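Numbering (UniProt numbering), first residue to last: 1 to 1277.
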C-alpha cells in the first residue's frame, strides 16, 4: 500500500550523496587511502586525487585488514550458491597479465543472445525461494569487483520487475533488507562491503522512475517506465525504516553503515512520509555528534540531503551542519560539512571562515572544490571575495596558495568571459589591499598578456584606477623578471612620463577645486557632480599613487627626463596639495632623484620653511589689519569723547573755539588722515620689533648706537619669528610640515651631526611643536620625528627618551602613550642600554624604563596600550636589550589572568611571544625556569580573583592550576628549543631547576589549605613530566635528590599527603627513583672523566708526575730539572726578571722572561746580605722557569734589559685586560696549591740546581692558555 502522508516540500530532496562513479579497482584503492593521516604523503600525491578522495571517505582505514568476502554471508547460504556460482576470482590482485587477457577475451565472447537467455531464465521465477536465491547470487557477485555492477544492476532490476508482476514485491523488499543486514556489521575498512554499498546506491538510482537508466544492449539511456512511482516509494520507505533502526545501535560499525547507506539512498528519494522525514532528521542530527568521527562523516552526508530554504531562513539541518563545521575537532568532518552545506547568504560568512582552518587540506579544498562550485563569483559578496583572496594568496602553505591562484585565474576569468576590464573591476582595487597581489599572481599565470595589445599607450591618457593598477603590476612584473624590452615597448620616456604625472596632478587639483566650489549644490543634487565632471578624489589619488610607484623604479638615464621629473615632484610638494597616501611614495621618488642625502634634506627643509613662511606672512598681515582697525576705532572713540566733553562744558552751545576747531578739522581732514595712517603703521612696526611706542623724534642718537641696536633687533626678530611661527601657525599647516619631515627622516641614514639642516629642523620645528602645541595629533607626530632624529644621534636619543617617558606616564590620551612606547622601544633597539644613564638630569635609567613597561602592562583600562607594551617588551627581550625577571614574570601573570580574554589581541600576542621567546635560546629558558616558583606563589595569592573572573566571564577553558603548571613545564622543556644539538640538550639542567623549585614549594605548602590543595596535586603530577638526563649538572642533580629526603615536605606530613592520592604518590616516587638513578650515572661519568684526565696527564709525563703524600692522595711532583731540596730549609727566590717592550710600540706587546732559583737558608743573614733577597719564613717554593707576558707599558724597554724574546704576542686592549685577570687568578691558584708547608713528610727527588744557561727553554706563551705564575712580594721585586 502506498504511504498515506507524503513529504515533498514542492521539490526533490537535495542530493548531496557522494559520487558513485564506477571506476573499478582503482577507486577502491583511492577510497581506502584518501583518509589516512594528512601528514603521510600529502605532498607527493596529486592534489585533485587527494581532494576527490575526501568525497567518498574521510576515515583512517590503516588499522584493519580486509577479511574474506565469503564471510559476509552465512555458511548455509554459501553452500546453496556454490552449485550455481563459480569460485570468486580476485581480479584486482591478479598479477598474471596473460590470465587477465584470457579472462577479458572470454567475457567478450558473451553474445547478446547469451545475456538474453540469462534474463529470460529470471522471467520464469515464481517462488519465494527462487527470488531469494537470485538476490543472493547478485549480492555474491557485486562484492568481488565493481566491473560486474552494470550487468548485475540489470539482473536485479529484472528480478524486482518480476517480483512486482508476480505479487512478491513485499517479499522482495523484505529480503533485500535481509541482505543489507549482512553488510551492516562489517567494519568500514572492508572493501567488499563498500562495493556492495555502492551497488545498492546504483540500484536505487536505476529503479527511480524519474531517472534515465542505461540500456546494456547499445549503451544508450532510456526512461525507466517499468517501475512505477508507487513501487519505488514503497521500496525506499522499507529500506529507510530498516536503516533507521541502526542509527542508535551500540556497534559503531552498524551506525556507520546505516549512515552510509542513508546518505546514498535519501538523495534519490523524491518523496517521503512526513513522519519518517522528521524522525530521520532528528536521528541524523544526533549522529552528527557521535563519538566516532567516521559515523559523523556519514551522518553529515545524510543530513545534508534534508537542507532546503524555508521562508528565506536557514533550515534546521543547515544550522546543525554549520555548527559542526565550526566546532568539530576532526578536520575530516569539517571538510565534509564544507562540501555539503548549502551555499547562501546565511552560510557564506562561515564558509569564508574555513579559509583560516588549521588543517591545510581543508583550506585547499575550499579554494579547489567549494568556491569553484558557485554559479558565478558575483554570488559571493565583494568584501568576502577580497577576504578570501587575502587569506588564500597569503597562506603559509604553498599548495593552498596555488589553489587560491587557480581559483582566481580559472574561475574568475571563466565567469567573466576572459574580460580583463571586468576582472579588474570586480577586484575593487581602491578599497582592497590584496588587489595588487592578485593582479601580480594573475600575470604570473598569464604572462602572454604582457604585450602592447593589452598595454596600449593610449590608455595612459584616460587612466582609471583599474588601468593604473594594471600598468603598475605589469611594470613591476617586468622589472622583477628582468624584461627591459617589454618595459621599453609599453611605457613612455622619462620626460613624457613626467608630463603624464604632472597632468594627473593638475586634474586632481582642478577636481578638488570643483568640489569645494560646488559642495553645497552637490549635497542637494547628486547628479550635479556627474554633469560637472566631478569624480571621487580617491580615484585620482589611487591613479597618482600607482604612477609614483612606477616612477620610483623608472629609468632616469636621460638627464632631461630626470630633471623634468624632479621639477614636477618638487613643485607638487611645494604646493602643499599632497595627501598622506601619496606623500611617502613621492618623497621616496625625490630621494632617488636627489644628488645625495644632504641635498635631499636641504631641499625638503627649504620646502617646509617656504610653507611655514608663506602661511606666517598671511597670519602677520591679518594681524596688522586687525591692529590697524582697532587703533582707528580707538582714535575715533577718543575724538568723539573729546567733542562730547566740550559740549558738556559750554552747556550744549557752540563756542567760538569749537567753530575754529571744526573749521580747522574740515580743512585739514585729508592731510591729517594720511599722516595718522603713517603713524599707525610706524607704531605697529615698533611694537613688533619690541621698541617703545612713544614719540622720540626729538631725542639724540649716535650712529654707532643706531647700527648696533638695529642689528640686535633684526637678530632678535629672526629668532622670535622662528619660535612664534610654530605657536601661531594653523594646525593644518604644522601637521603638513611634520608629515613631510617624518617622511624625509624615514629615508635618512647619515649621522645627525653631519647634517646641519636636520639640526635646525629639530630646533625650529620639532622641539617647539612638542613644547608649545596642545593638539594631540601634532604632538604625536612631533615625538615621532624627534624619535627618528634620535635614531641618527645618541645624544638626541638620550633626551628623547625623557620626553617619550613623560608621554607614556603622564599623558591621559591613549594615542600619545602608544607613541611614547613605540619611540622608547625603537631607540632602545638601536642604541641599546647605552642611552640609559643614572648620572644625568636629562636622561632616565633602566629602572625607570622597567617601571614604564610594568605600569603600562598592568593597566587594563587601555587595551591598545597593553598590546603595544607587550609587543615592544618582547621585541627587546628577544633582541637581548633587556633582561628583567620581574617584567618576564609580569607577562606570565598577565597571560594566566582570565581578564586577558577581554583583550583578545593581547592574548594572541602573549600566546605567540612567550613560547617564541623561551624556545629561541637556552638562556631565555633559564630565565623562565628561574621565575617558576615566584609565578606560582603570586598566582596563589590572587587565586580567588582568578576563580571569580573565570565564573564572571563564563570561559569554556578556564584558568586552572593544572594549566599553569603544565604551561611552565612545557616552556622550560629543553626538547622544545629551536636550535640545539642533542648533546647540548642532554646537558641542560632547566627542568632540574624547576624540580628543585617545585620541592621548595611543596615544603611550605599546607595541604589542609583549600588553595594549596588545588596546587600541590598538579605539582606532584608535574614531577613525572620533567625531562632531564644524567648529563645534567651533577651538583643540581644531587641537590634535587636531597630535596626528596627533606623531612619538612608538606610540613612533615608527606606520608599523609601521598597516601591520600595514588596518582600523586606514583608520580612522586617515579621522579625520586629517576633522580637517584641519574645521580649514580652522573657520578660514574664524573669518575670516568677524572680517570681519563689522569691517564692523559700520565701519558704526557712518562717518567711519572705524582708522588705519594701522607694522606694517601696523589699529588703532582716536580720534574727532575726543578731545584734540589735538602733537609735544611730552602727558599724559592726570584733571581732575575727580564722584560722588554716589543719593537711594535702601537701593539703594546711586552715580552717577559723570568728565571727562578733556590738558595740555601742555613745562613739566613749572610745569604740575605750577599744575594739581596727577602726571606720567606718556613716556606719552600719549588718552581721551574716560566715565560710570561707583562703588559705594563711603563717598564724599561727591551734594549735596556738583557732578555731572550721567545715569542711576540699582539693583544688588543680588551684582550690585555682579560689576560691580566687570568694571570692574577692563575697566580692566586698557584700560591694556594704550590706552596708546601715544611714538615708534612713529602719526599722529593733530589736534583741539582740549574742555572739560566743550563735550563731547557720554556714553552712560548700563547693567548688563551692559562699559565700559573708566582707573584712575589713587591719588596722582593
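Just so it is clear, CB atoms sit at the ideal spot from N, CA and C, and this is done for glycine as well. These numbers come from a predicted model, not from an experiment.
Residue i, DSSP secondary structure in three states
i: residue 313; result: strand
i: residue 272; result: strand
i: residue 581; result: coil
i: residue 307; result: coil
i: residue 364; result: helix
i: residue 179; result: helix
i: residue 886; result: helix
i: residue 447; result: helix
i: residue 526; result: coil
i: residue 992; result: helix
i: residue 344; result: coil
i: residue 329; result: coil
i: residue 532; result: coil
i: residue 414; result: helix
i: residue 920; result: coil
i: residue 862; result: coil
i: residue 1072; result: helix
Whole-number beta carbon distance between residue j and residue i, since they are thought to touch under 8 Å
i: residue 816; j: residue 605; result: At roughly 26 Å, the Cβ-Cβ gap does not stay under 8 Å, so residue 816 and residue 605 are not in contact.
i: residue 361; j: residue 389; result: Incorrect: roughly 20 Å between the Cβ atoms, too far for contact.
i: residue 294; j: residue 188; result: 6 Å
i: residue 200; j: residue 261; result: 6 Å
i: residue 814; j: residue 849; result: In fact, because the Cβ distance is near 20 Å, the residues do not count as touching under 8 Å.
i: residue 1006; j: residue 1051; result: 6 Å
i: residue 1027; j: residue 974; result: 7 Å
i: residue 755; j: residue 598; result: 6 Å
Residue i versus the options, residue with shortest Cα-Cα distance
i: residue 1286; options: 865, 858, 968, 921; result: The shown model of the chain, from 1 to 1277, leaves out residue 1286, and the question about it has no answer.
i: residue 749; options: 775, 778, 771, 790; result: 790
i: residue 891; options: 836, 914, 899, 904; result: 914
i: residue 447; options: 409, 460, 415; result: 409
i: residue 273; options: 303, 237, 793; result: 237
Cutoff 6 Å; reference residue i; Cβ partners in own chain excluding five residues on either side
i: residue 552; result: 588, 589
i: residue 502; result: 568
Own chain partners of residue i with C-beta closer than 7 Å, once the 5 adjacent residues on each side are dropped
i: residue 455; result: 471, 474, 490
i: residue 1068; result: 1020, 1023, 1058
i: residue 179; result: 135, 139
i: residue 142; result: 148, 149, 152, 195, 196, 199
i: residue 244; result: 279, 280, 283
Inter-residue Cα distance where the pair is residue i and residue j
i: residue 342; j: residue 308; result: 8 Å
i: residue 403; j: residue 383; result: 20 Å
i: residue 1048; j: residue 1055; result: 11 Å
i: residue 610; j: residue 524; result: 39 Å
i: residue 620; j: residue 880; result: 53 Å
i: residue 1017; j: residue 963; result: 12 Å
i: residue 547; j: residue 786; result: 31 Å
i: residue 942; j: residue 952; result: 15 Å
i: residue 182; j: residue 331; result: 31 Å
i: residue 939; j: residue 317; result: 45 Å
i: residue 326; j: residue 972; result: 33 Å
i: residue 1283; j: residue 487; result: Residue 1283 falls outside the range modelled here, since the chain spans only 1 to 1277, and no answer is possible.
i: residue 733; j: residue 498; result: 27 Å
i: residue 1194; j: residue 1220; result: Low confidence applies to residue 1194: its pLDDT is 40, below 50, so where it sits in the model is not reliable enough to give any reading.
i: residue 165; j: residue 232; result: 14 Å
8 Å CB neighbourhood of residue i in its chain, flanking five on each side removed
i: residue 728; result: 616, 619
i: residue 380; result: 348, 371, 374, 388
Contact test: residue i Cβ vs the ligand HEM heavy atom, cutoff 7 Å
i: residue 1061; result: Among the ligands in the structure shown, none appear at all, so the ligand HEM cannot be discussed.
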